[in-house]
Structures are given as structure tokens and as C-alpha cells.
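Throughout the sequence shown, residue numbering follows the working numbering, covering 1 to 567 in sequence.
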Amino acid sequence: MSHFGSYDDRAANFSWSIAEKELEYTPGGVINIGWYCTDRICENGSGDKKALIWEGTGAQSKSYTYNELRVATNTIGAFLRNLGIQPEDRVCLFMDRIPELYLGFLGVLKIGAVAQPLFSAFGEESLFVRLDDARTRAIITQRKHVGKIRKIIDQMPYLEFIIIVDHDRKKELREREIPFWLDDARPVEMLDVHPTKAESPSVLHYTSGTTGRPKGVQHVHYSLISQYLTTKWVLDIQENDIYWCTADPGWVTGTSYGIIGPFAMGATQCVQDIGFSAENWYRWIEKQKVTVWYSAPTAIRSLMKAGDAIVKKFDLSSLRHLASVGEPLNAEAVIWSQRVYGLPFHDTYWQTETGSIVISNFPGMKIKPGSMGRAFPGVTSAILDLKSYEPITEPGRVGLIALRPDWPALMRGYWKNPETYAKKFVNGWYLPGDRSSIDKEGYFWFAGRDDDIINTAGHLVSPFEVESALLEHPAVAESAVVAKPDDVNMEVVKAFVTLKPGFEPTDDLELDIMNFIRKKLSSLAMPQEIEYVESLPKTRSGKIMRRLLRAQEWGEEIGDVSTLEND
Ligand code: WTA
């Protein structure tokens, strides 16, 4: 029996107080995510239950019970507090998926500081703009990533502490670098958890903007209410489940549903930091006896590509519930998973800003392959006309997704960017910036983004960020960056460039430019193709017409170019 039951019952009797009561939270009282994910589970008698099972490269493995999770997060919290980290200071977590990333995240929250997770594959430029924007005071990292920080440290006087969790004692530390070995630290049994309230800041996640710099999405401790209830009802985690969320906590899925939701439920979750291959993943499911699996369309398409035969080599019979997020989940993938695993993937839709799932296929609900499902009870939704912003009443017509901004996990602002934040709201609706239609039964059918952001393998890449980085390459005069279709990643980054005089459009130069972006930004942002052009299409006012180039890539009708002129 799923936790969810029937959609109509849930919708008719819904109130967020259901979650407040289950979590024994009294409005106006203290609510600290770090405490809820550790101490509370122990107080409720599950201290000996496994919380985290981890495996890394080279057959390394570790596991933590809830009591060990509680003490380890206390230890990290106390260490940071002793350094002088204050409530609301930003502390960046810049690590691969090692236990310290998960423990550090909760330790930061326990002392009331703001956790700022960043994807460890970011290059120095991606890292710098996000630390600089947040005025980050401390960064917790691994020695393999310290080199990137050293390159930019001189430009960041506010970054006082670089905490290295696996420092090699034989190596020298530079100024501001501090070693911290969790296994050697004196365990802190008792920690005064900071008495954060509902609106106290918790997590600062950076997401790509269409035009300006990446935006810092501000969340608060009260987000727990939505994250807890959606984990319970949508991911359907139950007492004896082994849960696997494949997302990296550098991105929001890896925090909302890779840390907060499951630990607040007292679930056992497993984490693998080994890298993707169909074989690795299936072996992991078999070994850990994974029951609930939350993944993403690109991974599912890669598994489809790996074929049906390999599935039969493993015992995947433990699987009970599958869900997906991050990009459109094509109907074929749902049908395929039903055939090979005997279970469909349940698509879920949400974003960094929404903080928690807002639209989804619920356990037990009829799935229409290709549809994102229905709005979470308690989230009021509509589709608005693209021009008038009036709600569309007829089913099937595409418009903008609109949500009443009243669920607990919705962001509270973009860090130091109130103008962009204000633009996300129209006529009392929050607009995520995606297009969709709704059918007669209230199912959403995704129809694309309403901006130029590229969604590659579920990761959002800003064309603006890539174009700015390209201009720093000595050979590039101008550039335009758009999405290009891709079988597995759905979209990949493609750059059109014009060269400065004296540079030849060679294959070597193409590789050089690609590498330049990979190092500066990340492998995700690296163009998979560079097309040299003599000139770029521009509007009369000189703005590059990205949409024209994009339409060419997708073989879409370009139509009357003059309508693009004013974009
Ligand atoms: C897209 C990830 C289609 C969408 C949790 C959204 C999806 C953006 C789906 C957020 C889905 C997410 N179907 N598109 N099920 N889920 N998206 O902030 O464009 O990294 O706005 O959060 O991904 O990406 P973000």
C-alpha cells in the first residue's frame, strides 16, 4: 500500500499542516533541517538504523547509522562554529559524492549557516562567479579540487577558510587552508543546534540565468515541510526501503531528495561515487537491494541504449518504485522500463526554485507515458496564455506553467537580485519559465522551456555564461551558443563562432576552444560542436539572434525573421 492513496482524496483533504503535525512542528517554533534529519530520528528510537551506505572508487566503502550521522554532523558543525562561522554565513560544499559532502551539508545547517553546494566538476571560472556572488566565507573541499581554488583565491578576500577533508599530511598548506579529518576529529556528542525558524535561510543553490550571472536561489528551513511530504507521497519511501537517488548534491535533486527528504523520513539511502555505466548501476541495485530509485531521463536513455540483455544478468527484483526528474521523460523510456524492469518510471517535475516536486505521477496513479503527471495536492496550478497571461481553459493548448506561490519550499528570493525575482511573478502566479498543456484529466504535457537555457543531461547551462567564456579565448571574436538535439542527453551545447583576424578555422583550434571551456566552466558547458561562421545573424540593434540558429539546429520552421528582430 502506498503512502499516497487516491489523488482525489488527497486533493480534497489537503493541508500542509499534515506534514507539520507529522514532524511535530508548531508554527512559530524552531525548525532546523539538520536536527530533523539526524537528532529527531534518534530521539524517535531509530538511532541504530542505517542512514547512509556509501561506496567510492577503489572499493572504498563506509556506512553510518542515524546515531553516527547525528554525531558526525555535530562534529562538523562544532568545528565550523569554533572557526567563527556565524549563522547565515555562506559555507560552500565543493566535493565529489563522498560522505563529508552529505555530513557537511547537515553540519552547516545545524549551526544555522547557509549551505552552498557546488558541483565539484566546476572549473575555476564557474566556481569563482558563484563564490563571489555569495561572498562565501568558507569552502569545504577535497585536495583534488584545491588547485582550482588556489587559482582564484587572490580575488576573494572574503573567503577566509578553505577546509580540506582529506589533506595529505606530507603536503604543505597555504594561507587560509585548514585540514579537517572527520575520522580523526573528537566526536561531538552534544551540539547546541541553532534555533532556526521557518524563514531562516538554509540552502543557497545556484542555477543558470538566461542573461546575467548565475542566480543564487534562496531557500529556508521551512522548505522541509514540502520536501518531507513529497518524499513520502511521491517517492513513497517506507520503513524498510533502500533508497537510491542518483543525483549529485551540487544540484537541487541531490539535496532536496538526496539528503533532506529521505533523512527527514528516517530512510536508509545508498550513494555511489563511481560514475555511470549500466553494469555499475545494475550491480549497485543488486548489491544494495535498492527498492526506490530516483533518477533522470538521460541516465534512463543511456540504460536503454545499453540494451535489454544486460538487465537480465542482474537480480533487480528488489526494485519497487521508480521516479525520474530533470528533463522531459519520453514515452518510450516509460514503456521500456515497464517492459524490462516490470515497473514504469514515474516522471516528476520541479526546479531549483520550487525546492520540491510540484507536478508528478503518484504511486498507484494511472500513468500516461510522456506526461509529467498532475499537480501535487496543495499546489494550485494553471496554464497561462503566452501573451495575455490569462488562464487557458481549453485542454491541450500550450501555454506557460503557472503555480500559486504558496507551498512551503518555494524559493524566498534570488540572492541580491530582487529584479529578476520579481519577474518570476505575474498576476499572483509564480512562473517557472516552462511551457506545457494540461489535458482533460489534469495531466501536464511538457512543451519546452520559455527561454534559451540549454538543458543538457538534466543540467541547465546558460548560453550567456558559455558565450562570455568563449570571448576570453584569444581566437574568438564573437559567438552564439544554442542547444543542439542529442539522442541521449536530449540537448547538447553548440557554439557558433567568428574568429579574430589571423586565426584559421582548424580542427585543432576547435579542440583547443572546447578544452578551454571545459577547464573554465565544466564538461557540461563544453560545446560538443563548434561551427565557424563568417558572421552571426543579428537584429538591427545588433543583438545576436540565437533563436534563428537554434531553429536551424532543430530543423524547425524559421518563418518570418522580422518577428525575431525585436527579441
Ligand atoms: C526542466 C531540477 C520536463 C524544466 C529538479 C525545469 C523538466 C528545469 C522536468 C529545472 C520534467 C525538470 N520534464 N522538464 N519532468 N523536470 N525539468 O532547476 O525546464 O536544475 O524548469 O531542477 O528542468 O531544472 P533544475
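We put the CB at the ideal spot given by N, CA and C, even for glycine. Since the model is a prediction, treat every value here as computed from it, not as a measurement.
> Can L106 and F263 be called in contact, C-beta distance under 9 Å?
Replying inline: Yes, these two residues count as a Cβ contact at 9 Å.
> Between the C-alpha atoms of L204 and L549, what's the straight-line distance to the nearest angstrom?
Replying inline: Their Cα atoms are separated by approximately 34 Å.
> So N32 packs on L101, CB below 8 Å; how close in whole Å?
Replying inline: Going by Cβ atoms, the distance from N32 to L101 rounds to 19 Å, so no, they are not a contact pair.
>> Here's the rule I'm using: 16 or more other beta-carbon atoms within 10 Å means buried, otherwise exposed. How should E504 be labelled?
In response: exposed
>> Bridge partners for I153 per DSSP, in chain order?
In response: For I153, which the question treats as bridged, DSSP gives no partner whatsoever.
> For the beta strand (DSSP E) that contains I335, what are its first and last residues?
Replying inline: For I335, there is no enclosing beta strand (DSSP E); the enclosing alpha helix (DSSP H) covers residues A331 to Y341.
> Going by beta carbon distance, what residues of the same chain come within less than 8 Å of R176, once the five residues before and after it are set aside?
Replying inline: I153, L159, E160, F161 and I162
>> Beta-carbon within less than 8 Å of D9's beta-carbon, same chain only, minus the 5 sequence neighbours each way: which residues are those?
In response: none
> Under a Cβ-count criterion, where at least 16 other Cβ atoms within 10 Å of its own Cβ denotes burial, should F276 be classed as buried or exposed?
Replying inline: exposed
>> Rounded to whole angstroms, what is the Cα-Cα separation between G448 and A185?
In response: 49 Å
>> Assuming the contact rule is C-beta atoms closer than 8 Å, M365 and Y7 should be a hit. Round their C-beta distance to whole Å, please.
In response: With 8 Å as the limit, M365 and Y7 qualify as a contact, their Cβ atoms being about 6 Å apart.
> How would you label T231, buried or exposed, when you count the other beta carbons within 10 angstroms and need 16 or more for buried?
Replying inline: buried
> Which residues in the same chain as E565 place their Cβ atom closer than 7 Å to its Cβ, once the five residues preceding and following it in sequence are excluded?
Replying inline: Unreliable positioning characterises E565 in this predicted model, as indicated by a pLDDT of 48, which lies under 50. A coordinate reading is not provided.
> Leaving out the 5 sequence neighbours to the left and right, which residues in its chain are closer than 6 Å to G254 when beta-carbon positions are compared?
Replying inline: Answer for G254: A247 and D248, listed in chain order.
> Is the segment 403-413 in contact with the segment 423-431, if contact means three or more CB pairs nearer than 8 Å?
Replying inline: Contact between the segment 403-413 and the segment 423-431 is present, because at least three Cβ pairs lie under 8 Å.
>> Give me, in chain order, the residues of the same chain whose beta-carbon lies closer than 6 Å to that of F444; leave out the 5 immediate sequence neighbours on both sides.
In response: I359, M372, S436 and I438
>> Rounded to whole angstroms, what is the Cα-Cα separation between N13 and G378?
In response: 9 Å
> In its own chain, which residues sit with a C-beta less than 6 Å from the C-beta of S302, not counting the 5 before and 5 after it?
Replying inline: V488
> Hey, is S535 close to the ligand WTA, as in C-beta under 8 Å from one of its heavy atoms?
Replying inline: It does not: the Cβ of S535 is nowhere closer than 8 Å to a heavy atom of the ligand WTA.
> Would you call the CB atoms of S318 and I242 closer than 9 Å?
Replying inline: The criterion of a C-beta distance shorter than 9 Å is satisfied by S318 and I242.
> What is the C-beta distance between R81 and C42, in whole angstroms, given that I count them as a contact (C-beta under 8 Å)?
Replying inline: Contact between R81 and C42 does not hold, since the beta-carbon distance rounds to 21 Å and is not under 8 Å.
>> Against chain C, with Cβ distances strictly below 9 Å, would S479 count as a contact?
In response: Structure shown: chain C not included; a single protein chain is present.
> Is L403 helix, strand or coil when you go by DSSP?
Replying inline: strand
>> Which residue wins for smallest C-alpha separation from L471, given the options M490, I453, D486 and K500?
In response: Comparing Cα-Cα distances from L471 to each of M490, I453, D486 and K500, the minimum goes to K500.
> What's the gap between the Cα of V193 and the Cα of S256?
Replying inline: 20 Å
> Got a sec? Which residues, its chain only, sit under 6 Å from L229 by beta carbon, not counting five neighbours each side?
Replying inline: A19.
> Along the chain, which unbroken stretches of the beta strand (DSSP E) at least 3 residues long are found entirely within the segment 162-215?
Replying inline: 177-179 and 201-207
>> If you follow the beta strand (DSSP E) that R90 is in, where does it begin and where does it stop?
In response: Element bounds for R90: R90 to F94.
> Does the beta-carbon of V165 have 16 or more other beta-carbons within 10 angstroms, so that it is buried, or is it exposed?
Replying inline: When all chains shown are included, V165 counts as buried.
> Quick one: what's got a C-beta closer than 7 Å to W554's C-beta in the same chain, skipping five residues either side?
Replying inline: So the list reads P485, once near-sequence residues are dropped.
> Can V340 and A296 be called in contact, C-beta distance under 9 Å?
Replying inline: no
>> If you measure between the beta carbons of M156 and L131, is that distance less than 9 Å?
In response: yes
> Which of the three DSSP states, helix, strand or coil, is assigned to Y430?
Replying inline: strand
> Which of helix, strand or coil does DSSP assign to D567?
Replying inline: Note that D567 has pLDDT 44, beneath the 50 cutoff, so the model's placement of it is unreliable and the number below is only indicative. DSSP places D567 in coil when its eight states are reduced to three.
>> Let me check you understand the geometry: is the CB of M372 closer than 8 Å to at least one non-hydrogen atom of the ligand WTA?
In response: Yes.
>> What residue range does the alpha helix (DSSP H) around Q552 cover?
In response: R546 to E553
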